[in-house]
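The structure under discussion appears below in the form of structure tokens.
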Amino acid sequence: MRPTRAIIHLENLKHNIRSVQAWTAEHSPGPSTVRPKLCIAVKADAYGHGIVETARAAVECGTEYLAVATVDEAVQVREAGIALPLLLYSLPGTSEIPTVIAMRITPLVTDRAYVDALARESRAQGLRTSCHIKVDTGMGRIGCRPEDTITLVEAVRSHPELRLEGISTHYPMADHADERYTRDQTRRFASLIEDLRSRGVNPGLVHASNSGGVLRFPEGYFDMVRPGIMVYGYYPGPELDRPIDLKPVMEFRSKLVFVKKVATGTAISYGHTWKSDRDTWIGTVPCGYADGYPRLLSNRAQVWIDGRRCPVVGAVCMDQFMIDLGPDPPPERYTDVILFGPQHDKGGETPPDAAELAALCETIPYEITCSLSKRVPRIFTGELE
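Below, the structure is given as structure tokens:
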């Protein structure tokens with residue numbers, strides 16, 4: 314097997330899911346014995362963690378719904394034999410609508426044309442399709458305007474081939490320190506739902522909360538919450554408190570495949586952006602930006618090896634990068650190198666996590682885990698019970 318691989322700790326994934334379940338049950342504004350349903354986002358190959366294995370772990374934990382962004386992702390889940398309700402967050406192409414219907418995928422509908430297209434295909438296949446209405450209350454992405462929601466409800470109800478199963482919106486500011494916008498957005502969405510009920514509309518499952526909403530806005534739990542990054546072990550924003558013990562699920566590992574001693578003044582990698590200020594040992598790690606280790610980490614990041622951290626030196630290449638092992642005798646060839654991952658009890662310094670690398674790249678941990686390429690094998694630990 315290639316030395317560079319991603320270890321996916323399924324035991325940490327299940328810990329995080331159960332922690333979210335316990336948190337929402339404890340903080341739900343409804344009856345103390347009732348928690349909102351859980352919809353786990355497994356889009357983007359489960360944020361890089363492996364969609365099928367992640368979905369199976371979520372099912373084992375009692376998750377009620379799964380969510381994907383593309384029809385191809387939904388097909389992967391269905392072909393793995395997973396029958397859980399499956400929300401399609403994004404809009405499909407017209408040629409994909411037959412698959413949406415046949416695979417029992419639940420679309421988020423946004424406009425009359427989409428509703429009519431789903432109804433036509435459902436009629437052609439002799440099936441009834443459940444759908445959720447998506448309302449844009451501040452994200453500025455897909456979704457109908459709040460004032461158009463009743464019209465869209467009537468459009469869905471006009472087709473016997475369709476069933477209104479839920480109404481949703483999305484929080485764009487739940488991971489920011491200032492809570493005012495999200496609280497106001499929640500009030501506006503709740504008012505919309507109450508208005509629909511006053512008109513005799515059963516909205517079905519009402520849902521709005523992403524990871525930030527789960528952590529901070531229990532009034533926005535409604536009937537279901539949709540955690541994303543938090544089930545993979547990271548908080549959605551650096552400004553947030555960390556009240557739940559989340560454990561990173563992905564561990565990005567490689568090995569030390571080559572070591573050589575260099576003299577003071579030796580330049581390393583493309584552009585000679587780093588030069589040694591002493592005699593030192595330089596190690597080569599067979600991982601690069603083609604694997605998803607960002608070039609922005611050149612001369613910035615550290616890796617964990619043999620109980621200590623060592624700096625990345627020189628430009629990260631497409632397939633390899635170099636580290637400064639220091640002047641003392643180096644670790645043995647083929648020693649494991651942790652690029653990022655969960656904390657451990659092996660002693661010494663702790664490895665970086667994806668949030669640390671994200672900060673160095675001025676991005677978010679979502680992008681770090683999603684960026685691991687297909688040539689990095691995923692190794693799953695922690696057998697499903």
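Residue numbers for the sequence shown follow my numbering, beginning at 314 and rising by one.
For each residue, glycine too, the CB sits at the ideal point set by N, CA and C.
None of the values given here were measured: they were computed from a predicted structure.
With a cutoff of 8 Å on beta-carbon distance, Leu569 and Ala614 are scored as not near each other. Secondary-structure assignment with DSSP links Gly479 through a beta bridge to His445, Leu518. Less than 8 Å separates the beta-carbon of Ile364 from that of Gln389. Between the stretch 608-625 and the stretch 640-652 there are three or more C-beta pairs closer than 8 Å, enough to call the two in contact. The DSSP-derived three-state label of Val355 is coil. Per the C-alpha coordinates, the member of Tyr548, Pro642, Arg608 positioned closest to Asp666 is Tyr548.
In the displayed model, Pro690 falls within coil according to three-state DSSP, outside both helix and strand. With contacts defined as CB atoms closer than 8 Å, Trp594 and Gly639 qualify as a contacting pair. Sequence-distant partners of Val514 (beyond 5 residues in either direction) whose C-beta falls short of 7 Å from its own C-beta, in its chain, are Val466. Burial check for Gly453: the Cβ neighbour count within 10 Å stays below 16, so the residue is exposed. Around the CB of Arg470, fewer than 16 other CB atoms lie within 10 Å, so the residue is classed as exposed. Within the DSSP bridge table, the entry for Cys457 names Val448 as partners.
Distance check between Leu399 and each of Thr407, Glu366, Ile330, His445 places His445 closest, using alpha-carbon atoms only.
Proximity to Leu326 across Lys560, Leu609, Asp604, Pro642 peaks at Lys560, based on C-alpha coordinates. By the beta-carbon neighbour count (other beta carbons within 10 angstroms, threshold 16), Phe571 is exposed. With at least 16 other beta carbons inside 10 angstroms of its own, His362 counts as buried.
Just measuring C-alpha positions, the residue of Lys573, Gly406, Leu397 sitting nearest Arg369 is Leu397.
Taking the CA atoms as reference points, Ile480 sits about 14 Å from Ala468. Under the DSSP assignment, Glu564 falls in the beta strand (DSSP E) whose first and last residues are 563-568. With a cutoff of 8 Å on beta-carbon distance, Ala319 and Arg691 are scored as near each other. Inclusion of Ile636 and Pro624 in the CB contact set at 8 Å is warranted, their separation being smaller than that value. With a 10 Å radius around the Cβ and a threshold of 16 neighbouring Cβ atoms, Gln438 comes out exposed.
One thing to note: Ala380 has its Cβ within 8 Å of the Cβ of Tyr402. From the listed residues Arg493, Thr464, Arg555, the smallest Cα separation to Arg512 is found for Thr464. The beta carbon of Ser435 sits closer than 7 Å to those of Ile414, Arg441, Thr442, Glu474, Leu475, all from its chain and outside the five residues before and after it, given in chain order.
Under the DSSP assignment, Lys560 falls outside any alpha helix (DSSP H); it carries neither an H nor an E label. Around the Cβ of Thr577, a 10 Å sphere holds fewer than 16 other Cβ atoms; the residue is exposed.
Taking 8 Å as the upper bound for CB-CB distance, Val562 and Ile321 are in contact here, some 6 Å apart.
If you ignore the 5 residues before and after Tyr427, its C-beta comes within less than 8 Å of the C-beta of Leu404, Pro420, all in its own chain and listed in chain order. Restricting attention to Ile506, Ala393, Glu460, the CA atom closest to the CA of Asp424 is found in Glu460. Taking a C-beta distance under 8 Å as the contact criterion, Gln633 and Cys600 qualify as a contact pair. Boundaries of the beta strand (DSSP E) around Thr597: 593-598. Distance check between Arg501 and each of Val347, Thr367, Glu409, Val448 places Val448 closest, using alpha-carbon atoms only.
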